[in-house]
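Taking this note's numbering, I'd label the letters of the sequence shown as residues 44 to 139.
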Amino acid sequence: MPLSRLNTVSKLYYTPKEVAEILEVSDDTVLDLVNRGSLPALRVSPRITRIPIAAFDAWREGFKPRRRRVTIAAARRRVVVGEGEHLPSPSRVARG
């Protein structure tokens with residue numbers, strides 16, 4: 044994406060630090076609200092949390108989120124790479 048396009052893209056998420064600045068509280072307080080399920084947020088990784096701006100605005104207006112945990116379910120059947128593919132016999136492969 045060109046750099047000029049990055050400046051025009053609307054921001055969708057706040058960081059905990061940005062929310063802390065808006066609420067005039069510490070970063071730890073924001074993360075505490077997220078961990079208790081009081082403040083809607085997405086856990087991108089164990090160390091990265093993002094708060095959707097729309098959800099944050101609704102929360103400030105009194106919306107109480109339902110806590111839901113979304114995880115990647117284990118695959119029921121292990122996928123084998125190349126399974127079902129038929130390779131040509133070595134004698135039929137073009138050499139060149």
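We put the CB at the ideal spot given by N, CA and C, even for glycine. A quick note: this is a predicted structure, and the numbers were derived from the prediction, not measured.
Here tyrosine 56 has Arg93, Ile94, Pro95, Ile96 as same chain residues with Cβ atoms under 7 Å from its own Cβ, once five neighbours each way along the sequence are excluded. A straight line joining the alpha-carbon of glutamate 67 with that of isoleucine 91 spans about 21 Å. Annotation note: the segment 62 to 86 contains the following uninterrupted alpha helix (DSSP H) runs of length 4 or greater, listed N- to C-terminal: 70 to 79. Cβ contact annotation for arginine 86 (same chain, cutoff 7 Å, sequence separation greater than five): Thr92, in chain order. At least 9 Å separates the beta-carbon of alanine 63 from that of proline 83.
Threonine 72 and glutamate 126 have their alpha carbons spaced roughly 50 Å apart. With 16 or more other Cβ atoms inside 10 Å of its own Cβ, leucine 76 counts as buried.
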